[in-house]
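Below: one structure, written as structure tokens.
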Amino acid sequence: MAMFTPSPRGADNFAGFHSRSRKTSLSTPRTTPILFFNNKLHHSQLHSFPSLKFRVLCSIKEKENIKETDKVTPGVVTGLRVDDLDQSGSGPEESGSGKVGSDWDWPPWQNIPERYKLIGTTSLAFVICNMDKVNLSIAIIPMSHQFGWNSSVAGLVQSSFFWGYALSQLPGGWLAKIFGGRKVLEIGVLTWSLATALVPLLAGFMPGLILSRILVGIGEGVSPSAATDLIARTIPLEERSRAVGFVFGGLSVGSVAGLLLAPPIIQNIGWGSVFYIFGLLGLAWFLGFQFLKEGNASFTAEPISWSQSTSRTQTENKSLRELGGSLKEIPWKSFFQSQAVWAMIYTHFCGSWGHYTCMSWLPTYFSEELNLNLTEAAWVSILPPLASIFVTSIATQVADQLIANGVETTTVRKICQSIAFLSPAICMTLSSLDLGLPPWEIVGLLTGGLALSSFALSGLYCTHQDISPEYASILLGITNTVGAVPGIVGVALTGYLLDSTHSWSISLFAPSIFFYLSGTLVWLVFASSKPQTFSDTD
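Okay, so the sequence shown: first residue is 1 according to full-length UniProt numbering, each after it adds one.
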């Protein structure tokens, strides 16, 4: 409880009093003045009540515990900024004001808008997501030695992740629309974290190991659609590029963190420990997310006034019949009649081809083609995702600034996506030609090209929300399903071409360059960020 006496400098913050008693005397014990904030009370009026004291309530619970027998002159101030009051020359009653301020400021994240809390925790989930994705790429080496796996078996184990990832895209988008991206995200994190922790226990039983990796893929597969739904419904257009960049940029952070942490953990504790530790991180995130939701229940989130963030009533107890009906209500036909949707589908496929094939084969390329040792190849593999973090922060700021300055959204998305595709295409072309470049210059070219591909976070990955916030999660589910195919086909095809041609230029770079260039052409011709009401056109 804090007591203070208002001074003239704080008078402008007050309006006037309305007494529940009809008497004008403020000394009446049962009078409860109510304070309004309309800036109409002048200094002279406030000076007429020099001895007036107010009770500051720090919580609703405290307000309920006030007894009528309190000797202090009643006066309740809610929503009052104590910092605005003059505390010079105050009596002992003001000594509690500092305490009130510290209570209001703790915990530190209490006054952060809820949408920023959601974006921050979602980005952290994506960090853990890629940590659990890349841990197997390092642990597969000691696992293969222990269980006697050949390259084919090791490839089967690694590719099983993409089976679950591809299968869960559309269901994830649909579930995010029905139950909300927030609910689907937390279930996804719980699923892949538990499945990750089960890997050491099932490693000796191949069907169980394959199933656990499929479950990891399913859990991580629903997360992009869940995050897209969350962003589309809570973030305004002028903040959307930064939100998408911050959330999906967590994938790059996760890749770097996983590649840095996994080797020393495996060397010092054993390969099984990396799955236990990374799995526990996901479980800790899940528990923390529950705590965050409980904390937010005590206050009302600030209203969202923009049209893109439509309100939705979530019904959690739906019958199977209702769920089936909601699935039929989705305008599937309208989706596939839209040129913009087809542009997103093909562009997503092209971007995933370059990303997944490079993520899987660049370490081998650095080691065999550039004659780097294993330690150098491992460190060099970290450079592209590390540089992507820096590029993402620039790309999102530029995109949002252009939109805020009145540049058409479609134009901004086309510019960003073109940078994302043309940059790696040019760098791969220079790397594949026999120009006599030293190894570290080739590493620099590939790192720069792949880092600039992060401009896609302000291009393709924002377009789903731009054209339809309502169906953004389902649209991403559609495009991400097709985008998961290169993880299954492209990685295997690269290995087959490498065995057949013994040429990295033909097997790794040529297909990626083709898809980057053709994807750019399709995007520039057919892509659009204009809002579309798919339901009306079905």
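We treat Cβ as the ideally placed atom computed from N, Cα and C, and that holds for glycine.
_For residue 559 and residue 346, I'd like the C-alpha separation in whole angstroms._
Outside the modelled stretch of the chain, which goes from 1 to 538, sits residue 559, for which no answer is possible.
- [ ] Could you check the C-alpha separation between residue 275 and residue 135 for me, to the nearest Å?
- [x] 7 Å
Margin query: Here's the rule: buried if 16 or more other CB atoms are within 10 angstroms of the residue's CB, otherwise exposed. What is residue 414?
Written below: buried
First and last residue of the uninterrupted alpha helix (DSSP H) at residue 415: Counting along the chain, the alpha helix (DSSP H) containing residue 415 begins and ends at 409-432.
Check your understanding: Considering only residues of the same chain and omitting the five flanking positions on each side of residue 279, which have a CB-CB separation below 6 Å?
Key -> Excluding positions up to five away in sequence, the list reads 193, 196 and 197.
Problem - Where the alpha helix (DSSP H) containing residue 201 begins and where it ends - result: DSSP places residue 201 in the uninterrupted alpha helix (DSSP H) bounded by 181-202.
Q) Pairing CB atoms from the segment 478-497 with CB atoms from the segment 166-177, are three or more of them under 8 Å? A) yes
- Item | Buried or exposed (CB count within 10 angstroms, at least 16 for buried), residue 272 | buried
Query raised in the report: With distances taken from CA atoms, which of 489, 496 and 419 is nearest residue 160?
Result: 489
Can you tell me which of 205, 240, 180 and 164 puts its alpha carbon nearest to the alpha carbon of residue 213?
Looking at 205, 240, 180 and 164, the one whose alpha-carbon comes closest to that of residue 213 is 164.
Counting along the chain, where does the alpha helix (DSSP H) carrying residue 543 start and finish? The first residue shown for the chain is 1 and the last is 538, placing residue 543 beyond what the model contains.
Please state whether DSSP places residue 480 in a helix, a strand or coil.
helix
_Identity of the residue in 429, 203, 462 and 458 nearest residue 448 by Cα_ = 429
Query raised in the report: Could you check where the alpha helix (DSSP H) with residue 259 kicks off and where it finishes?
Result: 237-269
| request: Alpha carbon to alpha carbon, how far is residue 451 from residue 256? Give it in angstroms, no decimals. | output: Answer to the nearest angstrom: the Cα atoms are 13 Å apart.
- Figure out for me which residue from 502, 524, 517 and 472 has the closest Cα to the Cα of residue 178. Among 502, 524, 517 and 472, the Cα nearest to that of residue 178 belongs to 472.
Could you compute how far the alpha carbon of residue 460 sits from the alpha carbon of residue 146?
42 Å
Inspect the CB distances between the segment 395-409 and the segment 228-242 and report whether three or more fall short of 8 Å.
-> Proximity of the segment 395-409 to the segment 228-242 meets the contact definition, three or more beta-carbon pairs being nearer than 8 Å.
Requested in this report: Tell me where the alpha helix (DSSP H) around residue 339 begins and ends.
Outcome: Where residue 339 is concerned, the enclosing alpha helix (DSSP H) stretches over 339-368.
Would you say residue 385 lies against chain B (beta-carbon separation less than 8 Å)? Checking the listed chains, one finds no chain B in this structure; it contains a single protein chain.
Review point. Taking the alpha helix (DSSP H) that residue 533 falls in, what are its first and last residues?
Key: Counting along the chain, residue 533 falls outside any alpha helix (DSSP H), and DSSP gives it neither H nor E.
Notebook entry, point to check: Does the segment 511-519 come within contact of the segment 346-360, defined as at least 3 CB pairs closer than 8 Å?
Noted result: In this structure the segment 511-519 lies against the segment 346-360, because at least three pairs of beta carbons, one per stretch, are closer than 8 Å.
Discussion item. Considering Cα atoms alone, identify which of 121, 357 and 388 is closest to residue 282.
Written reply: 121
Does the distance from the CB of residue 381 to the CB of residue 363 come in under 8 Å?
yes
*To which residues of the same chain is residue 290 closer than 8 Å at the C-beta, ignoring the five residues directly before and after it?*
186
Can you tell me the Cβ-Cβ gap for residue 506 and residue 493, rounded? I've got them flagged as a contact below 8 Å.
-> For a cut-off of 8 Å, the C-beta gap from residue 506 to residue 493 is around 11 Å, too long to register as a contact.
Less than 6 Å between C-beta atoms, sequence neighbours within five positions excluded: which residues of the same chain meet that for residue 464? Correct list, in chain order: 228, 472, 475 and 476.
Using C-beta distances below 6 Å, list every residue in its chain close to residue 219, excluding the 5 sequence neighbours before and after it, in chain order. 188, 191 and 192
Could you say which of 181, 243 and 211 lies nearest to residue 398 if we only look at CA atoms? 243
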